[in-house]
Structures are given as C-alpha cells and as structure tokens.
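Heads up: the sequence shown begins at 1 in full-length UniProt numbering, then just goes up one per residue. By construction, the Cβ of each residue, glycine as well, lies at the ideal position given by its N, Cα and C atoms. Bear in mind that the values here come from a model prediction, so they are computed numbers and not experimental data.
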Amino acid sequence: MALLSVKKHITSDPYQIMPLWNDSIHFCNWTGIVCGIRHERVVTLNFRSCGFSGSISPAVGNLTFLRELLLQNNSFTGNIPPAVGRLSRLRRLNLSNNSLSGEIPSNISRCLNLVELDLRVNSFVGVIPNEFESLTKLQNIILHSNDLTGEIPKFIGNFTSLTILSGSQNHFHGNIPNTLGQLSNLWYFNFGLNNLSGILPMSFFNISSLTTIGLVGNQIGGNLPSDIAQRCPGLKTLNVPANKFSGPIPLSLSNATYLEYLSLDENAFTGSVPNFSRLQRVMRFTVGRNQLGDGRSDNLYFVSSLANCTNLRIIGFEENNFGGVLPRSVSNFTLLTELTIAINLISGNIPFEIGQLVNIKKMFLFSNQFTGRIPDSIGKLGNLGKLSFRDNLLSGSIPSSLGNLTRLITLSLDGNKLEGIVPSSLSNCKGLQILDLSRNNLSGYIPKEIFGLSSLTIGLDLSDNRFVGSLPTEVGLLQNLVLFDVSNNMMSGVIPVSVGACMSLVALSMAGNTIEGEIPTSFRSLKGLEILDLSRNNLIGRIPEYLGDFLFLETLNLSFNRFDGKLPELGAFKNTSVVSISGNAKLCGGIPAFQLPKCSGEESSRKTQTPLSLLISIPTASVIFVLVLVVLFCWFCKRKKTSIESTEDENFSRVSYQNLQEATDGFSSANLIGSGNFSSVYKAILYLKNEPQVVAVKVLKLAVHGADQSFIAECEALRSIRHRNLVKVLSCCSSLDFQGNDFKALRLNIVIDLAAALDYIHCQCGSLIIHCDIKPSNVLLDTDFVAHLSDFGLARFVHPDSSTTHTSSLGIKGTIGYAAPGCQRMATPTAFGILILELFTGNRPTDDMFSDGLSLHSFVKMAIPDQVMEITDPVLFRTRKEENMAKDARDSEMHDGIEDCLTLVYGVGIACSAEMPGDRIEISNALDRLLFVKKTFLKGKAF
Numbered sequence: 001m002a003l004l005s006v007k008k009h010i011t012s013d014p015y016q017i018m019p020l021w022n023d024s025i026h027f028c029n030w031t032g033i034v035c036g037i038r039h040e041r042v043v044t045l046n047f048r049s050c051g052f053s054g055s056i057s058p059a060v061g062n063l064t065f066l067r068e069l070l071l072q073n074n075s076f077t078g079n080i081p082p083a084v085g086r087l088s089r090l091r092r093l094n095l096s097n098n099s100l101s102g103e104i105p106s107n108i109s110r111c112l113n114l115v116e117l118d119l120r121v122n123s124f125v126g127v128i129p130n131e132f133e134s135l136t137k138l139q140n141i142i143l144h145s146n147d148l149t150g151e152i153p154k155f156i157g158n159f160t161s162l163t164i165l166s167g168s169q170n171h172f173h174g175n176i177p178n179t180l181g182q183l184s185n186l187w188y189f190n191f192g193l194n195n196l197s198g199i200l201p202m203s204f205f206n207i208s209s210l211t212t213i214g215l216v217g218n219q220i221g222g223n224l225p226s227d228i229a230q231r232c233p234g235l236k237t238l239n240v241p242a243n244k245f246s247g248p249i250p251l252s253l254s255n256a257t258y259l260e261y262l263s264l265d266e267n268a269f270t271g272s273v274p275n276f277s278r279l280q281r282v283m284r285f286t287v288g289r290n291q292l293g294d295g296r297s298d299n300l301y302f303v304s305s306l307a308n309c310t311n312l313r314i315i316g317f318e319e320n321n322f323g324g325v326l327p328r329s330v331s332n333f334t335l336l337t338e339l340t341i342a343i344n345l346i347s348g349n350i351p352f353e354i355g356q357l358v359n360i361k362k363m364f365l366f367s368n369q370f371t372g373r374i375p376d377s378i379g380k381l382g383n384l385g386k387l388s389f390r391d392n393l394l395s396g397s398i399p400s401s402l403g404n405l406t407r408l409i410t411l412s413l414d415g416n417k418l419e420g421i422v423p424s425s426l427s428n429c430k431g432l433q434i435l436d437l438s439r440n441n442l443s444g445y446i447p448k449e450i451f452g453l454s455s456l457t458i459g460l461d462l463s464d465n466r467f468v469g470s471l472p473t474e475v476g477l478l479q480n481l482v483l484f485d486v487s488n489n490m491m492s493g494v495i496p497v498s499v500g501a502c503m504s505l506v507a508l509s510m511a512g513n514t515i516e517g518e519i520p521t522s523f524r525s526l527k528g529l530e531i532l533d534l535s536r537n538n539l540i541g542r543i544p545e546y547l548g549d550f551l552f553l554e555t556l557n558l559s560f561n562r563f564d565g566k567l568p569e570l571g572a573f574k575n576t577s578v579v580s581i582s583g584n585a586k587l588c589g590g591i592p593a594f595q596l597p598k599c600s601g602e603e604s605s606r607k608t609q610t611p612l613s614l615l616i617s618i619p620t621a622s623v624i625f626v627l628v629l630v631v632l633f634c635w636f637c638k639r640k641k642t643s644i645e646s647t648e649d650e651n652f653s654r655v656s657y658q659n660l661q662e663a664t665d666g667f668s669s670a671n672l673i674g675s676g677n678f679s680s681v682y683k684a685i686l687y688l689k690n691e692p693q694v695v696a697v698k699v700l701k702l703a704v705h706g707a708d709q710s711f712i713a714e715c716e717a718l719r720s721i722r723h724r725n726l727v728k729v730l731s732c733c734s735s736l737d738f739q740g741n742d743f744k745a746l747r748l749n750i751v752i753d754l755a756a757a758l759d760y761i762h763c764q765c766g767s768l769i770i771h772c773d774i775k776p777s778n779v780l781l782d783t784d785f786v787a788h789l790s791d792f793g794l795a796r797f798v799h800p801d802s803s804t805t806h807t808s809s810l811g812i813k814g815t816i817g818y819a820a821p822g823c824q825r826m827a828t829p830t831a832f833g834i835l836i837l838e839l840f841t842g843n844r845p846t847d848d849m850f851s852d853g854l855s856l857h858s859f860v861k862m863a864i865p866d867q868v869m870e871i872t873d874p875v876l877f878r879t880r881k882e883e884n885m886a887k888d889a890r891d892s893e894m895h896d897g898i899e900d901c902l903t904l905v906y907g908v909g910i911a912c913s914a915e916m917p918g919d920r921i922e923i924s925n926a927l928d929r930l931l932f933v934k935k936t937f938l939k940g941k942a943f
C-alpha cells in the first residue's frame, strides 16, 4: 500500500519505471526496491537518477523497515513529509539534486540510526533544527546549495564520527564554533559562499585529519597559523579567497607536500611568497588581489621555485605589488591552462619561451611594465582563448603569427606602443569576439579581412591610432557587433552606408577623424544605440530627426562638424545632457537650451526627405494586416528593345552595372535578402535624383530556363498599370557585367496593401491580371507597415470574355502549398487565403504536420470557432500582453474581442481557399470583410 502511494505521487516517469510496479511480480522485485532476506520487508527505496517528477508521498513513513531512502538526482518538489521521522531504522537519507523546499522537518531527529544526511542542491529554508542534536551517529552532513540560515550549531562538535560537513552556498552567519575542534575524524569542511565572520578558532586546526578547508566568499579574518602544515599534515585543499585574512602566508605551507589546491586570492596577505619547490602535487596556485610584494627585483623568486611543480594548471598572482622580471622557467609549466599575473610592476621582456605553454587557454599579463616586442612564439599557443597584453610598454609590430590562434575569443593589445600595420592574418581567428587594438601607434589601412570576422560581437576598438583611408564597406558584415570605435585616427572619406547593417550596435564612435559627407540614412536602423559619437569630423548636411527617436540613447555627440539647418526638437534633442552640438556654426532652431539662432522661414518650412529603411522577412506577424518584407525594391531585368525604349520615354533613371555592383558591395552575401528559382535579391542604396534610397536589387539567374520569360511577364504586367498598392517601374539596366555576362535590371518601388492591390489588378486596372504567386516572400512592408505586392514573374493576363491567358504562359503554377490547381481566376484568392491562415497560425502550408489529407485549410476549418486561440501563433498574444501590461482589468473582455476578430479573419482565409472554385469568394468580397474586421478591432480597441 505504501509503495502504491509512492507510485501515485509520481507525475512524470520518462523511463517508464512505474508501469513495472504491478501485480505480475512480487513488490520485492520491483525496480528500485530491495527487501530484507528474512522478513521480505522493504529496506531500500532507490530512485536515484530516474528522472521522476512529483512529490514524496507521506506513506513512505509506513515503510518502517526502511534503511535507505535514496531519491537523488530527480525533480521532486514540495516538502519533506514529516512522516519520514517514523523511519527509526533509517541510516541513509539522500534527497539531493531535486527541487524540494520548505524547512527541514525537526522530527527527522527521531531517526537515531542516521549516518548520512544529504539534502544538497534543493531550496530548503530555515535553520538546522536544534533537535538534530540527537543524531550523534551522523558521518556525512551535506547541505550545500540551499537557502538555509542561522549559525553552524555548536552541537555538531559532538558528532565524533563526522567525516564530511558541507554547507556552502547558503546564508549561514556568525562564527565557526570552537566545538568543531572535537571532530577528530573530519576530513572535508566546506562552508564557502556564506556570511560567516570572526576568526578561525585555533581549535579548528587541531583536526589533524583535515584534507579540505573551503571558506571562499565569507568575512573571516585573522592570520593563518604559522604551523598549519604541521597541524594538518594531509592538507590537499586550502581554498579561502574573498575573506579578510591578513598577515604573511605561512612559511610552513612550503612543507605541505600533499597540497594540490592553494587559493588565497582577495584577502589582505602581506610580505613575500615562500619557496614552494616541494609542492610538486600542486595544480592550482593563486594568491592574487592581496598586498604581496614590494616592487623589488627579487619578488618573483617564488615563480622560479615552482619550476619543478610540473602539475600546475592554474597560476594567478594578479593585483599585487610584485616587481622583477618574469622568469623563463615559466615555460616548465607545460600543463598550464591559465596564467593571470596582471596589475603588478613586472618589467622586462615577455619570455620567448612562453610559447612552450601549449595547453594555455587564458593568458592575462596586462597592466604591468613589460617592454620589447610581442614574441612570435605566441603563435604556437593553439589552445589560447583569451589573451591580454594591454597597458604595458610593448613596442614593435603585431606578429602575424597571432593569426595561428584560431581558438582566440579575446585579444586585447591596447595601451602599448605597437606600430606598423594590423596583420590581415588576424582574420583567421574565426571565433574572435573582442578585438581591442586601441591606444597604440598603428598605421596604414584597416584590413578589410578583419570585418569579415562575423564572430566579432562584443567589441572592435581601433581608436587612438594612426589609421588612414576610408572605413571599408565590409564593416556592414559585423551585424552582431555591440561596440565599434575608430575614434581619434586619420580616417577620411564618407561613412559607409553599410554601417546601417550593424543593427546590434550599442556604442559607435568615429570621433576625431576627417570623415566627410552626410550621416547615411541607413543609420535609421541603429535603434539600439546608447552612445553615438561623430564629433570632430567634417560631416555636413542636416542632423536626421530620427536620431531623436532612439529610445536608449544616452550620448549623442555631433559637435565640431559642419552640420547645417534646423536642429530637431523631439526625443533625445529635448535633453542637452544627452546631445552635444557645439561647433556647428550653421545650425539653427532646436529647444532654447541649445541657444541656437532662430531659423529663417525657408529653413523652418523645408522638410528633410529620408528614404524608407529595409526590414527583415517574417513568416508571421502580430498585427492583422502586416504580411512580410521590404521597403523599396529594385529588380534586375531583361528588356526587349521596345521595353527599354518605353522605359526611357517615361524618363526613368538609368543605372549602370557598376552603380549596382558598388551599391550592393559586389553583390555580397551580407546584402543578400533572399533567393528564388529565377533570381536573387540584394539590399542596396542608390542615389536617384540626387536622393539616397534604400532599394532591393533583383538579379536574374539567366542560366535558369524560364528566367527571361519570367522577366518579360513581369514587365508586361507592370508597364501599363499604376496603383499606390503596386510596384512601379523606376529604371532599368541592360548591360554586361565585368566578366562579360548578360546583366539585366528593373527597379520597382513598392507602396501599399496586398488586398487592395489584388482588387485593383482583378477589377479596376482595365486588363485583368492574375498574379499566380501570392506568398509571404512576395509581400513587402515599408516602415509604416503598409504591405505591397511584388514579383509578377508568373503573372497572367485574362481576356474579359474568357478565362484563357496570353503573354505569360510559363507552365509554372506558383509555389507549392499556395497555388490552386491551374492558374485561373480563382487561384489568386486561394493563395491569398492560405497566406492569411499561415500568417495568423504561424504554420506554413508545407509543414510536415500537414499530411494524410490534413491541410492548413482543413486544420483551421476544424478549429474555428471553439479553438481559435489554441491554433493562433502565440507571438500575437505575447505582443498584446506586452502592450497592455497596465490594462489587466480588461483582460477578459479583450480576450473575447480578439477571439471574435480572429474567427472572422480565419473565416476570410477559409472562404478564399475553399477546395471548389465556385465556393471561393472574390477578392473584392475578401477586402470588404477584412476592412470590416479592422473596423471592428479599432472600435473595440482589441488591437
């Protein structure tokens, strides 16, 4: 009965153990059960690492013969049932690595035979019960990683059989009791990461059996006994960093020949470090952040004394006062993984022999007085992940051998006297996240290859050097970079438009150069900026108003340039503590605090034109009429002579292949938006009528059969129709590329909503046009989230008196999942309906879930109206929740409104995508219904 209750309380059984607990076999043979031989009573319940969830049944207290209750490494929740106190024969209670909470039941004290109590890694609160004083047979008390409070009980000193006492990562406070000195069998003591204070009682060091002392992160002070090694001859671990210990490091530790782990960091130790030549087992030696050394040349003698300690993995003596030269014998530590000796007074050269530390992963030598060159041998350290030589006196060039460090994550060489060029070999460090070369004498051009390191995410700092030339357009490849600084160099040219692609930037500084031109309109996309410093350059033009809309901006420094015109007054520009604009003599207007002259009437009325910015393609959205992608669209096309002449007659701008090649950075993958059967689309910025515009360039794949026909169909469809919801022809390009290959282009500008566009081409444009490829990637969004229909490569004309097509008979019926059988008049409503269903459910019609007769259409049809909320993309509701955090009182009403409107939207999608053509509604009907839904939403303020 007790075991069946235990089974009932288990709610998750990933390994299917509980089904084996049935009447077909005797319970003594059930998995995890051990019975006594004579009486067939349960003596062991072992659920170790079974993946169970649930709670501990109180019925476990009825297993009165139980000696071992082992539930470690599961996900049990709730409290320890007090009934455990009835298990008088219990010897081992192990509940570690679960999610148990509450206080430790005091009646466990009735388990007088308890030898092991292991409650580690749970969420227990409260104090160690005083009633536990009766548990004198305990050998192991393991309580670490909980939320226990109070003091370490003095009565623990009476547990003379105790060998392990662990209570780290809790909230214990007070002193370590004197009584612990009575634990003559204790070998492991760890109460790190608590709030213990006072000093270690001398009696504590009477425990000659101690091998591990762990007190990291407390507030314990006083001196360590000078004879600590004699008192604890078997000491292996002395781990006491982040305390208040003072005085000298005990000389006797040099005789602790069993010592493997010595960590004395972040205390107040003084004097010199003893000779540790006998510690040949030591693997970790850290004495950083103390007050050791006095700057003299013999301070590092202890490093030479460690030369025979070839097991060393970690050495650290940073933030002290050590002087002298780093001994070449450091090369003996061939197993070393970390060398941290920063912030001292160490001088001389970095030993060439340091290249023998082939296992090193972290080397911090920063903030010393090292001189000379960075040794080429550093390039042999193939496992190095973090390297910092910053703030020294190093000179010479950066060795190209650093390019061999392919596992490098951090490279900091800033604050030295390095000169020469930056080796392009650094581009081999494909995992580099931080590159800091600032505050040196480096010169020449910044290698383009550096900007190809897409791993650079945290920071690229090249400031305070002598770099020349323009910033390479490849900077746009660093789309995940957070900090970029090229200030105080000799850079010239204009700011590359591609900087706008670095949309993760938080800090951007180009101050103190001779950069000219205007702030690129692509900066509009850098909305996460907190710091933007373009001061002390030769920038001209107007200060963009959109900078005021950057919500996180804390510093905007545009001073000492040649900006002119009206200073914006909104957003950040209302705060003089954020914006600096001094030294721009031609600025006017702004808030009075800037004390600028008033603008003339002409300047005040003149509007600054800014192009729309590029968005990213999305499969779903959280606003009803938001569909998918871009803003301004530029396509490469193949035109017949008559088409070209027609285009020229309409005074469209012409662009060359070179214009387009430069605007897309050589059609680089960084600017690739997407690719289809017949074309690839790239982001570009072109000047049209002297105004920069963000466009997308569609390059035909002329090697693919049908690409020419696709282009012709597109031209035929668009040449004679004009509607604000459709793309319009801006220009064309028909030429050879630099290799002599055919290169065609047609640029399109997108302006409106999909449904209205379909209604127009079906009913209002004179010539009936069927698009035949309605899908998310062919619908575009501008910055105002207005949708625009694009890609008429499969479009068909339909004569008013028939359903037959002409001009564009390609035999291609559209994209699988969207196109209905045949490309007829009702095919477009079908695709439009499927697109609606995809948009709001977040499921593509081609998902694997749609098989065996189930389609996206039937999936939604079965779900409405009762399961509308369940099938809808949760992104929609998450967005609403974020926007209505202050409107909790209306949640229920809002939920009902959203559900009703979603039902209507799904109804339109289903009506458009009905299986039989005769059952599908016309686009004009669909548009009317959607406008009604929108009106309903706005009226009810549900969206």
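State whether the segment 69-85 contacts the segment 98-116, with contact taken as three or more CB pairs (one from each stretch) at a distance under 8 Å. yes
Please classify SER209: does DSSP put it in a helix, a strand, or coil? If you number the sequence shown from 1, residue 209 lands on position 209. Looking at SER209 - three-state DSSP - the assignment turns out to be coil, as it is neither helix nor strand.
Just how far apart, CA to CA, sit ASN185 and ASP485? As a position in the sequence shown, residue 185 is number 185, starting the count at 1. As a position in the sequence shown, residue 485 is number 485, starting the count at 1. Approximately 60 Å between the Cα atoms of the pair.
Are GLY192 and PRO177 close, meaning C-beta to C-beta below 8 Å? Against the sequence shown, residue 192 aligns to sequence position 192. Against the sequence shown, residue 177 aligns to sequence position 177. Cβ atoms of GLY192 and PRO177: not closer than 8 Å.
Sheet register partners of ALA268 (DSSP bridge): Taking the sequence shown and counting its residues from 1, the one referred to as residue 268 is at position 268. Paired residue(s): SER246.
Would you kindly check if the distance between the Cβ of THR237 and the Cβ of THR211 is under 8 Å? Taking the sequence shown and counting its residues from 1, the one referred to as residue 211 is at position 211. Taking the sequence shown and counting its residues from 1, the one referred to as residue 237 is at position 237. Cβ atoms of THR211 and THR237: closer than 8 Å.
Who are TYR301's beta bridge partners in DSSP? For the purposes of this step, residue 301 is taken as residue 301 along the sequence shown, with counting starting at 1. For TYR301, which the question treats as bridged, DSSP gives no partner whatsoever.
DSSP three-state assignment for PHE155, whether helix, strand or coil: Residue numbering aside, residue 155 sits at position 155 when the sequence shown is read from its first letter. Look at PHE155 here: in three-state DSSP terms it is helix.
Between PHE364 and ASN392, is the Cβ-Cβ spacing less than 8 Å? Taking the first residue of the sequence shown as position 1, residue 364 is located at position 364. Taking the first residue of the sequence shown as position 1, residue 392 is located at position 392. In this structure, ASN392 does not lie closer than 8 Å to PHE364 by Cβ.
Outcome for ASP414 when other beta-carbon atoms lying within 10 angstroms are tallied against a minimum of 16: Looking up residue 414 in the sequence shown gives position 414. Looking at its Cβ environment, which holds 16 or more other Cβ atoms inside 10 Å, ASP414 is buried.
State yes or no: is the C-beta of THR31 within less than 8 Å of the C-beta of SER55? Position 31 of the sequence shown, counted from the first residue, corresponds to residue 31. Position 55 of the sequence shown, counted from the first residue, corresponds to residue 55. Contact flag unset, no.
Can you list, in chain order, the residues of its chain whose CB lies under 6 Å from that of GLY293, leaving out five sequence neighbours each side? Residue 293 sits at position 293 when you count from the first residue of the sequence shown. Excluding the 5 residues flanking it on each side, GLY293 has same chain C-beta neighbours closer than 6 Å at ASN299, ASN320, ASN321, PHE322, in chain order.
Would ARG278 pass as a contact of ARG313 if the rule is Cβ separation under 8 Å? As a position in the sequence shown, residue 278 is number 278, starting the count at 1. As a position in the sequence shown, residue 313 is number 313, starting the count at 1. No, the Cβ-Cβ distance between ARG278 and ARG313 is not below 8 Å.
On the DSSP letters alone, give me the boundaries of the alpha helix (DSSP H) that PHE859 sits inside. Residue 859 sits at position 859 when you count from the first residue of the sequence shown. That run of the alpha helix (DSSP H) goes 856-863.
Determine the closest residue to ARG41 out of PHE65, SER49, LEU394, with distance taken between C-alpha atoms. For the purposes of this step, residue 41 is taken as residue 41 along the sequence shown, with counting starting at 1. When each option's Cα is compared against that of ARG41, the closest is PHE65.
Output the distance between the C-alpha atoms of THR664 and SER777, rounded to the nearest integer angstrom. Counting from 1 along the sequence shown, the entry for residue 664 is found at position 664. Counting from 1 along the sequence shown, the entry for residue 777 is found at position 777. Straight-line Cα distance between these residues: approximately 20 Å.
Is LEU558 closer than 8 Å to ILE543 when the C-beta atoms are compared? Sequence index remark: in the sequence shown, residue 543 carries index 543 (1-based). Sequence index remark: in the sequence shown, residue 558 carries index 558 (1-based). Contact flag set, yes.
By how many angstroms is the C-alpha of ILE249 removed from the C-alpha of ASP227? On the sequence shown, position 227 is the one that residue 227 refers to. On the sequence shown, position 249 is the one that residue 249 refers to. Between ASP227 and ILE249, the C-alpha separation is close to 11 Å.
How many angstroms separate the CA atom of LEU135 from the CA atom of GLY36? As a first step, residue 135 is located in the sequence shown; it is residue number 135 there, counting from the start. As a first step, residue 36 is located in the sequence shown; it is residue number 36 there, counting from the start. Those two C-alpha atoms are separated by around 25 Å.
Taking buried to mean at least 16 other C-beta atoms within 10 Å of its own C-beta, is THR160 buried or exposed? For the purposes of this step, residue 160 is taken as residue 160 along the sequence shown, with counting starting at 1. Per the 10 Å Cβ criterion, exposed.
With a CB to CB cut of under 6 Å and the five nearest residues on each side skipped, what residues in its chain are close to GLY833? Translated into positions along the sequence shown, residue 833 becomes position 833. Scanning its chain for C-beta atoms nearer than 6 Å, with the 5 sequence neighbours on each side dropped, one finds around GLY833 the residues GLY909, CYS912, SER913, in chain order.
Which residue's Cα is closest to the Cα of ILE152: VAL303, ASN140, LEU114, VAL127? The residue you call residue 152 lines up with position 152 of the sequence shown. ILE152 has its Cα closest to that of VAL127, out of VAL303, ASN140, LEU114, VAL127.
Between THR310 and the rest of its own chain, which residues show a CB-CB distance below 8 Å, the 5 nearest in sequence each way excluded? Within the sequence shown, numbered from 1, the residue matching residue 310 stands at position 310. Only GLN280, ASN332, PHE333, THR334, LEU335 meet the Cβ criterion.
Tell me whether the beta-carbon of SER412 lies closer than 8 Å to the beta-carbon of PHE366. Counting from 1 along the sequence shown, the entry for residue 412 is found at position 412. Counting from 1 along the sequence shown, the entry for residue 366 is found at position 366. Yes, these two residues count as a Cβ contact at 8 Å.
Relative to the alpha-carbon of ASP436, which residue among LEU426, VAL273, PHE840 has its alpha-carbon at the smallest distance? Counting from one through the sequence shown, the residue named residue 436 turns up at place 436. Comparing Cα-Cα distances from ASP436 to each of LEU426, VAL273, PHE840, the minimum goes to LEU426.
Should VAL578 be listed as close to the ligand SAH, given that the test is whether its C-beta is under 7 Å from any heavy atom? As presented, the structure is devoid of all ligands, the ligand SAH included, so that no description of it is given.
Can you tell me the Cα-Cα spacing of GLY181 and TRP187, whole angstroms? Locating residue 181 in the sequence shown gives position 181, where the first residue counts as 1. Locating residue 187 in the sequence shown gives position 187, where the first residue counts as 1. Between GLY181 and TRP187, the C-alpha separation is close to 12 Å.
From this set, THR179, LEU90, VAL216, LEU183, which residue's C-alpha is nearest SER197's C-alpha? Sequence index remark: in the sequence shown, residue 197 carries index 197 (1-based). Nearest of THR179, LEU90, VAL216, LEU183 to SER197, Cα basis: VAL216.
Beta-carbon gap between ASN584 and ASN561 smaller than 8 Å: Here residue 584 is taken as the residue at index 584 of the sequence shown, counted from 1. Here residue 561 is taken as the residue at index 561 of the sequence shown, counted from 1. In contact: ASN584 and ASN561 (Cβ atoms closer than 8 Å).
Within 8 Å, strictly: CB atoms of ASN223 and PRO241: Walking along the sequence shown from the start, residue 223 turns up at place 223. Walking along the sequence shown from the start, residue 241 turns up at place 241. Result no, Cβ atoms of ASN223 and PRO241 do not sit closer than 8 Å.
Less than 8 Å separating the beta-carbons of LEU306 and PHE276? Taking the first residue of the sequence shown as position 1, residue 306 is located at position 306. Taking the first residue of the sequence shown as position 1, residue 276 is located at position 276. Closer than 8 Å, so yes.
Spell out the partners DSSP gives SER99 in its beta bridges. In the sequence shown, residue 99 corresponds to position 99, counting from 1. Per DSSP, the beta-bridge partners of SER99 are THR77.
For ILE871, the first and last residue of its enclosing alpha helix (DSSP H): The residue labelled residue 871 in the question sits at position 871 within the sequence shown. 868-871 is the span of the alpha helix (DSSP H), which, as asked, contains ILE871.
Rank LYS154, THR179, ASN195, PHE155 by C-alpha distance to the C-alpha of SER168 and give the top, closest one. Residue mapping note: residue 168 aligns to position 168 of the sequence shown, counting from 1. Checking every option, the nearest Cα to that of SER168 belongs to ASN195.
Taking the continuous beta strand (DSSP E) assigned at LEU70, which residues delimit it? For this step, residue 70 is matched to residue 70 along the sequence shown. Start and end: 68-70.
For SER123, collect the residues of the same chain with a Cβ closer than 8 Å to its Cβ; drop the 5 residues on either side in sequence, then sort them by chain order. Here the question's residue 123 lines up with position 123 in the sequence shown. The answer, listed in chain order, is SER99, LEU100, SER101, ASN146, ASP147.
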